[in-house]
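This report refers to the structure that appears directly beneath it.
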Amino acid sequence: MASRTLRIGLIPGDGIGREVIPAGRRILEALPKSLGLSFSFVDLEAGFETFQKTGAALPEKTVDTLKQECDGALFGAVSSPTTPTKGYSSPIVALRKRLDLYANVRPVKSVKNTTMFPDPIDLVIVRENTEDLYVKEEKTYDTENGKVAEAIKRISERASSRIATMAGDIALRRQRVRDSTGQTGKSANVTITHKSNVLSQTDGLFRSTAREALAQAQFKGVTVDEQIVDSMVYKLFRQPETYDVIVAPNLYGDILSDGAAALVGSLGLVPSANVGEGFAIGEPCHGSAPDIQGQNIANPIATLRSVALMLEFLNEEKAAALIYKAVDANLEEGKYLSPDMGGQAKTTEVVEDILRRM
Ligand code: ATP
Ligand code: MG
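Each residue of the sequence shown is one higher than the one before, starting from 118 at the first, in this note's numbering.
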């Protein structure tokens with residue numbers, strides 16, 4: 118069998134990042150040899166502690182190593198200083214820019230026992246990650262009625278088209294996985310969200326470009342809907358089971374992603390990936406959780422699922438499926454759950470239970 122070696126950058130960052138990223142490495146090392154896949158690792162620095170030590174939150178060495186040597190990476194979390202700190206800005210935001218990781222992908226999936234909804238939730242939010250209000254072009258000026266502040270909301274055809282194309286690809290991949298595991302009843306679907314009833318030019322361009330991208334021949338098997346973002350919030354919280362893939366401009370995607378995470382129980386369960394052309398960084402959705410750091414009680418599942426998600430984007434679907442299955446089995450049995458899930462298991466005990474199942 119052909120074998121492939123993937124070089125993975127490990128960036129634990131701050132707080133519980135240092136406890137969950139080692140779990141991510143362990144699960145990669147535990148994948149069965151029969152997959153023909155092996156890994157090499159390189160430890161990399163970023164975060165607030167790194168900033169305090171070196172004056173740079175994202176050392177150039179970290180960026181260079183990722184660019185030159187790595188196929189993918191795992192990013193833990195970074196704490197944000199509580200008071201504005203001169204010279205500090207978020208290293209993950211910078212990394213997304215430097216590596217052109219233009220998509221933030223966030224699957225939200227319920228497992229029996231982890232949600233208050235009767236029907237299973239299994240959706241993915243695909244958030245555009247480079248523009249919209251996040252171009253951060255703001256200004257404040259004085260008028261005779263006091264200060265006025267403005268921000269630029271920039272939407273381009275190029276960014277809207279490539280994010281919609283990625284959403285279509287993800288919908289097709291999910292359909293393949295459902296087919297191969299004998300699940301029926303859900304067709305591949307992408308819902309485009311926007312607010313073009315108010316923002317007819319910016320969101321209007323996002324909407325029409327996404328529609329066009331998803332009308333390409335390769336997406337013949339994907340049904341396409343659209344929904345105004347406020348009405349989507351309502352439906353997401355009443356009938357989350359009806360969604361498959363949601364594609365959104367940056368700001369709506371940010372808000373929807375955090376909201377959707379609340380549907381399935383704990384922040385400690387929800388993974389994400391930052392994806393560009395041929396590169397992916399897996400990143401748990403939670404932050405550095407200083408309130409529980411150093412106690413070996415952080416839920417490692419968001420990270421383990423982020424590892425699987427990274428593997429999906431590196432075209433290692435089989436390896437990803439094994440990790441998802443082992444995690445789901447752990448949650449379904451419910452014997453080794455971390456405190457955020459109402460259990461008493463330590464981080465390392467949850468990891469060991471999941472490794473046993475692989
Ligand atoms: P940051 O500024 O880094 O985002 P935060 O204080 O906002 O830090 P989060 O990491 O965002 O903390 O977490 C919010 C809450 O969810 C905290 O109470 C935290 O303990 C809890 N939490 C987050 N991640 C996990 C996890 N993996 N396991 C258990 N609890 C978690
Ligand atoms: Mg937080």
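Glycine residues also receive a C-beta, built at the ideal position from the N, C-alpha and C atoms. No experiment lies behind these values; they were computed from the predicted model shown.
In the DSSP assignment, find the beta strand (DSSP E) that holds residue i and state where it starts and stops.
i	result
D239	D239 to E245
E267	G263 to A268
R223	A220 to K226
T257	E255 to T260
V392	A390 to G393
A194	G189 to A194
F396	F396 to G399
Can you name the start and end residues of the alpha helix (DSSP H) that residue i belongs to?
i	result
A365	No alpha helix (DSSP H) contains A365, which is instead part of the beta strand (DSSP E) from V362 to A365.
K178	E177 to E186
F430	I418 to F430
A446	E434 to E450
Q411	The sequence given here has Gly at residue 411, not Gln. Per DSSP, G411 belongs to no alpha helix (DSSP H) and is neither H nor E.
L331	T319 to L331
R293	E274 to S297
I209	P208 to R215
V468	T464 to R474
Q169	F165 to T171
Please identify the residue among the options whose C-alpha is closest to the C-alpha of residue i.
i	options	result
I280	G263, K264, S325 and Q318	S325
A377	S120, R473 and V243	V243
Q335	T359, M283 and I138	M283
V137	S157, G399 and D375	G399
K270	S317, T301, I238 and K229	S317
L421	N314, P388 and E267	P388
M349	V339, V362 and K337	V362
S151	S120, E358, Y453 and D457	S120
S304	Y251, E358, T200 and G189	E358
A174	V467, D181, V159 and I209	I209
Q356	M233, R223 and Y453	M233
T182	R215, T199 and G172	R215
G476	T465, P149, M458 and V241	The structure shown does not extend to residue 476, since the chain is modelled only from 118 to 475, so the question has no answer here.
V339	V346, Y360 and P224	Y360
V241	L426, T301 and R275	L426
R223	S374, E434 and G193	S374
Identify whether residue i lies in helix, strand or coil by the three-state DSSP scheme.
i	result
V159	strand
Q344	strand
K337	coil
V307	strand
L123	strand
A140	helix
P357	helix
D131	coil
D236	coil
L152	helix
Have a look at residue i and residue j and give me their C-alpha separation to the nearest angstrom.
i	j	result
Q122	E394	In the sequence as presented, Gln is not what sits at residue 122; that position holds Thr. Answer to the nearest angstrom: the Cα atoms are 19 Å apart.
K256	L368	19 Å
L439	M475	7 Å
V195	A332	39 Å
D239	N306	12 Å
E343	I309	4 Å
G385	H403	6 Å
V444	I471	6 Å
E267	V294	45 Å
A288	N447	26 Å
P139	Q412	15 Å
T171	K442	41 Å
V159	D188	11 Å
E254	K184	28 Å
I418	V468	8 Å
A327	L218	18 Å
P407	E433	33 Å
T179	A163	7 Å
D155	N314	A small correction: the amino acid at residue 155 is Ser; Asp does not occupy that position in the sequence shown. Answer to the nearest angstrom: the Cα atoms are 50 Å apart.
F396	L431	7 Å
What do you get for residue i, buried or exposed, if any count of 16 or more other CB atoms within 10 angstroms of its CB means buried?
i	result
D320	buried
E329	exposed
F354	exposed
N221	buried
A379	exposed
N416	buried
E429	buried
E186	exposed
Y251	buried
S277	buried
Q292	buried
V265	exposed
R275	exposed
Determine, using beta carbons only, whether residue i comes closer than 7 Å to chain B.
i	result
L183	Structure shown: chain B not included; a single protein chain is present.
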